[in-house]
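Okay, so here's the structure we're looking at.
There are 2 protein chains.
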Amino acid sequence: MPKFTPFDLQMMTRAIKLAQKGRFTTAPNPNVGCVITQGESIVGEGFHYRAGEPHAEVHALRMAGESSRGATAYVTLEPCSHYGRTPPCAEGLINAGVSKVICAMQDPNPQVSGRGIQMLRDAGIEVEVGLLKSDAKALNPAFIKRMQTGMPFVQLKMAASIDGQTALANGKSQWITSKQARQNVQNYRAQAGAILSTSQTVIDDNASLTVRWNELPESVKEHYPEAELRQPARVILDRQSKLHPQLALYASHSPVLRVSNENAEVTVEVNQSGQLDLRQTFATLAKTHNINHIWVEAGATLAKSLLEEQLVDELVLYLAPKIMGSDGRGLFGAFGLTDMQQVLELDIKDCRLVGSDVRLVAVPMPIESKRKD
Amino acid sequence: MPKFTPFDLQMMTRAIKLAQKGRFTTAPNPNVGCVITQGESIVGEGFHYRAGEPHAEVHALRMAGESSRGATAYVTLEPCSHYGRTPPCAEGLINAGVSKVICAMQDPNPQVSGRGIQMLRDAGIEVEVGLLKSDAKALNPAFIKRMQTGMPFVQLKMAASIDGQTALANGKSQWITSKQARQNVQNYRAQAGAILSTSQTVIDDNASLTVRWNELPESVKEHYPEAELRQPARVILDRQSKLHPQLALYASHSPVLRVSNENAEVTVEVNQSGQLDLRQTFATLAKTHNINHIWVEAGATLAKSLLEEQLVDELVLYLAPKIMGSDGRGLFGAFGLTDMQQVLELDIKDCRLVGSDVRLVAVPMPIESKRKD
Chain H
-19 MPKFTPFDLQ MMTRAIKLAQ KGRFTTAPNP NVGCVITQGE SIVGEGFHYR AGEPHAEVHA
41 LRMAGESSRG ATAYVTLEPC SHYGRTPPCA EGLINAGVSK VICAMQDPNP QVSGRGIQML
101 RDAGIEVEVG LLKSDAKALN PAFIKRMQTG MPFVQLKMAA SIDGQTALAN GKSQWITSKQ
161 ARQNVQNYRA QAGAILSTSQ TVIDDNASLT VRWNELPESV KEHYPEAELR QPARVILDRQ
221 SKLHPQLALY ASHSPVLRVS NENAEVTVEV NQSGQLDLRQ TFATLAKTHN INHIWVEAGA
281 TLAKSLLEEQ LVDELVLYLA PKIMGSDGRG LFGAFGLTDM QQVLELDIKD CRLVGSDVRL
341 VAVPMPIESK RKD
Chain U
-19 MPKFTPFDLQ MMTRAIKLAQ KGRFTTAPNP NVGCVITQGE SIVGEGFHYR AGEPHAEVHA
41 LRMAGESSRG ATAYVTLEPC SHYGRTPPCA EGLINAGVSK VICAMQDPNP QVSGRGIQML
101 RDAGIEVEVG LLKSDAKALN PAFIKRMQTG MPFVQLKMAA SIDGQTALAN GKSQWITSKQ
161 ARQNVQNYRA QAGAILSTSQ TVIDDNASLT VRWNELPESV KEHYPEAELR QPARVILDRQ
221 SKLHPQLALY ASHSPVLRVS NENAEVTVEV NQSGQLDLRQ TFATLAKTHN INHIWVEAGA
281 TLAKSLLEEQ LVDELVLYLA PKIMGSDGRG LFGAFGLTDM QQVLELDIKD CRLVGSDVRL
341 VAVPMPIESK RKD
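Sequence lines, in order, name chains H and U.
Quick note on our numbering: the first sequence kicks off at -19 and runs consecutively.
Quick note on our numbering: the second sequence kicks off at -19 and runs consecutively.
Here it is as structure tokens:
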């Protein structure tokens, strides 16, 4: 275990903060930050802003210029070793004459993990790995999941009254949640690679499923000008070909990926119950469309299927301070359970007020491990 | 507005902390704390522990002894002016030769409010009122409400899954919430003047509705020995005379107050729908039984009635990280609403994790003011 100094810790913390500035724009690339120091002075720093643009190390090395000779570089992720849209960052660090590199974590892609570090070591650079690793992982849960499993990270958004109703019996629901909660949803949408819904929901709400820059929090807008706005892809499950060009969905320019079993941008099989294969949908979105992170906004039926197929990484549930009565529309529909052992369990990671609503972030527990308990 | 010094603030903060130590035992009396100082030294302090035992001022004056001559007394509530089970505290302070009294708030009972202060002033003692008033009020919300309105402070406890189900369709529900949440309930029960439920719930669960000392938090047990445990009264709505002596309810010694329209400890009218009059029940409990604070544990039907009649001061809702499906038993039953304007709104005062569950504390908004919005 390498020994890190308090100064090392301070510099990596700074690199992680820098990396976070790319959170709305880097998709499908990871968020990465880099700080370059000479002695106890920062001589360069930078972060990755947008796919196709320079990596964090390139920005930091440009800023450091000649001062990078003999310097220490702090990088939140192992420098890349491959020629992509930009030359490998490991080579850039070598050419700049850096003498030490501290990375928070290795590349999560098993195909290249460790190669960048090896390249640096082969060039005589001292490399240490693991400083603030868990914070660095938290920068890119979706990117890491896709690299390691081939599947995207899926967040399921739901909203209900505190008694679990998403609408009255007659379908009326506007508005259950507060303006602040709806703005909070925009903030989540803006960080996703894709927003997924069903043609039914899109038609019922005539939803555009775009990020509305105006509704982002002020603290975000300050550093994220409207002209730079990245729109996630809209992925719509549309087995019955209900989508039509007059929908608000098609009024905005960001891509719409229709999912169906034929003649669609994403073609998947239909399962025994006549439903589009959700697991295959996600795998295809990850593999063919490089989508790391999917934000799902849909109704009870899709939500229930996603939970039952264990495809949800996080449930983001907004609960409005309202009581609607049990005769409204329930969050996840009927489950037909007869024993408490069958109940789906979750682990609540976060619970806070957003405006006047409560927001819970909960991780569904694997059904396998639950049965063992 | 009197000027208070930082030292005054520190002493009253101390008096409020002392007052809190009585929170399990003083009912139906208020929590009160007192600190007596000479210059910048504390010479006496105390708090009210149990109805019938000495008031806070008496303990503090005993401790101060001769040092109370010319001293300043900080009291969280106006000293009493009447001869009850103990002589009036205002007289005690006068006889002890105290030269200044600072009270956080006046007595909330409109019949005696200001009399204690007048008694002190008539004896030549300097009196100031209002230091940390809102903290002092927070010590005794239930006592204050009863004194000012004649009605008790009512907390309604409910527990459900995050999708609003209290049980599966077949009635199975053990256990929805975690052990920590159930301990948290014990902590609430222990502070109430009465625990209210229905004979149906008592019979279904064979519930004893007592405080189980073992289940109180360790931090409470440390300062609250089992021998001192105060058991709240159990108030059971039993219109159909279902209660019988074999129930666990009757195995413990604390009083059971049956509520019915005849032959009961609490006799109230039956309303047009054949239900016991809940408002009259509460008013009687406050007036005849000196109950300030009622903790309600019951099912959907009573919960709904209490909310509709606007008798709930706080909803304490435990939400377990479980999804049970909308075909279980809903929190408050059917409401038959057809418009979002009809939905009952609340104000969430607190939201936190208790063990693995979420606990919300929410105040129902007046239905009148809601209609005006």
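Glycine included, every Cβ here is placed at the ideal spot set by N, Cα and C.
Please list the partners that E325 of chain U has in chain H, where partner means a Cβ-to-Cβ separation under 7 Å.
Chain H residues near E325 of chain U: P301 and K302.
Use the C-beta contact count for T(-15) of chain U: other C-beta atoms within 10 angstroms, 16 or more gives buried, fewer gives exposed.
Exposed is the call here.
Shortest alpha-carbon distance to G24 of chain H belongs to which of H:K137, H:S47 and H:R3?
It is H:S47.
Show which residues of chain U have a CB atom less than 8 Å away from the CB atom of N150 of chain H.
In chain order: T318.
Just to confirm, are A300 of chain U and D330 of chain U a CB contact at a threshold of 7 Å?
Not closer than 7 Å, so no.
Pick helix, strand or coil for G310 of chain U, following the three-state DSSP scheme.
Strand.
Count the other CB atoms, across all protein chains shown, that sit within 10 Å of the CB of S153 of chain H; report buried if there are 16 or more and exposed otherwise.
Result: buried.
For the segment -17 to 5 of chain H, enumerate the residues whose C-beta is nearer than 7 Å to any C-beta of chain U, in chain order.
So the list is empty, because no residue satisfies the distance condition.
Do the segment 140 to 158 of chain U and the segment 310 to 321 of chain H make contact, defined as three or more Cβ pairs closer than 8 Å?
Flag = yes, the segment 140 to 158 of chain U and the segment 310 to 321 of chain H touch.
Is there at least one Cβ from chain H nearer than 7 Å to S306 of chain U's Cβ?
At least one chain H Cβ lies under 7 Å of S306 of chain U.
Relative to chain U, which residues along the segment 245 to 258 of chain H have a C-beta separation below 7 Å, given in chain order?
Those residues of the segment 245 to 258 of chain H that come within reach of chain U (Cβ to Cβ, closer than 7 Å) do not exist; the list is empty.
Going by C-alpha to C-alpha distance, which of H:N164, H:I142, H:N167 and H:R169 sits closest to I156 of chain H?
Taking only the C-alpha atoms, the option nearest I156 of chain H is H:I142.
Any C-beta of chain H sitting closer than 7 Å to the C-beta of V343 of chain U?
It does not; no Cβ of chain H falls within 7 Å.
What distance in whole Å lies between the Cβ atoms of A40 of chain U and V15 of chain U, which are believed to be in contact at a cut-off of 8 Å?
V15 of chain U to A40 of chain U, Cβ: 7 Å. Contact.
So S336 of chain U contacts chain H; which residues on that side make the cut at Cβ distance below 8 Å?
Under the 8 Å cutoff, chain H gives D327 and I328.
Counting only Cβ pairs nearer than 8 Å, list the residues of chain H close to C331 of chain U.
In chain order: C331, R332, L333 and V338.
If you follow the beta strand (DSSP E) that L176 of chain H is in, where does it begin and where does it stop?
A174 to T178 is the span of the beta strand (DSSP E), which, as asked, contains L176 of chain H.
So what's K352 of chain H in DSSP terms, helix, strand or just coil?
Interpretation of K352 of chain H is limited by its pLDDT of 43, a score under 50 that renders its predicted location unreliable; no figure is taken from the coordinates.
For the beta strand (DSSP E) that contains C14 of chain U, what are its first and last residues?
Unbroken beta strand (DSSP E) run through C14 of chain U: G13 to Q18.
Among H:T6, H:F4, H:R3 and H:G26, which one has its Cα closest to the Cα of A(-5) of chain H?
For the residues H:T6, H:F4, H:R3 and H:G26, the minimum Cα distance to A(-5) of chain H belongs to H:G26.
Between the Cα of L100 of chain U and the Cα atoms of U:Y29, U:N9, U:R219 and U:C83, which residue gives the shortest distance?
The candidate whose alpha carbon is nearest that of L100 of chain U is U:C83.
With 16 other CB atoms within 10 Å as the buried threshold, where does L112 of chain H fall?
The residue in question, L112 of chain H, is buried, as its Cβ has 16 or more Cβ neighbours within 10 Å.
Distance check for R30 of chain H and M(-9) of chain H, CA to CA, integer angstroms please.
For M(-9) of chain H and R30 of chain H, the distance between alpha carbons rounds to 23 Å.
Which residues of chain H have a Cβ atom closer than 7 Å to the Cβ of L287 of chain U, listed in chain order?
Near L287 of chain U (Cβ distances below 7 Å), the residues of chain H are I303.
Check whether the Cβ atoms of S61 of chain U and P67 of chain U sit closer than 7 Å, and answer yes or no.
In this structure, P67 of chain U does not lie closer than 7 Å to S61 of chain U by Cβ.
Pairing CB atoms from the segment 91 to 107 of chain U with CB atoms from the segment 216 to 236 of chain U, are three or more of them under 8 Å?
Counting Cβ pairs under 8 Å, fewer than three are found: no touch.
Between the C-alpha atoms of I175 of chain H and T190 of chain H, what's the straight-line distance to the nearest angstrom?
Cα-Cα distance, rounded: 8 Å.
What separation, rounded to the nearest whole angstrom, lies between the Cα atoms of V343 of chain H and Y298 of chain H?
Each residue's alpha carbon lies about 15 Å from the other.
Tell me whether S61 of chain U sits in a helix, a strand or coil according to DSSP, three-state version.
If DSSP states are grouped into helix, strand and coil, S61 of chain U belongs with coil.
Rounded to the nearest angstrom, what separates R351 of chain U and L324 of chain U at their Cα positions?
Summary for R351 of chain U: the model assigns pLDDT 47, below 50, so the residue's position carries little reliability; its value from the coordinates is reported in the next sentence. If I take the Cα positions, the gap works out to 10 Å.
Would you report the Cα separation of A(-1) of chain H and Y168 of chain H, rounded to the nearest angstrom?
The straight-line gap from Cα to Cα measures roughly 17 Å.
Looking at the ligand MN, does it come within less than 6 Å of E294 of chain H, judged from the CB to the closest heavy atom?
Ligands in the displayed structure: none, and consequently the ligand MN is not present.
Take the Cβ of K159 of chain U as the centre, count every other Cβ of all protein chains shown within 10 Å, and call the residue buried at 16 or more, exposed below.
It counts as exposed.
Please check if any C-beta of chain U sits within less than 7 Å of the C-beta of D143 of chain H.
For D143 of chain H, the answer is yes, since a Cβ of chain U falls inside 7 Å of its Cβ.
Where does M127 of chain U fall in DSSP's three states?
Looking at M127 of chain U - three-state DSSP - the assignment turns out to be helix.
Any C-beta of chain U sitting closer than 7 Å to the C-beta of A172 of chain H?
No, its Cβ sits nowhere closer than 7 Å to a Cβ of chain U.
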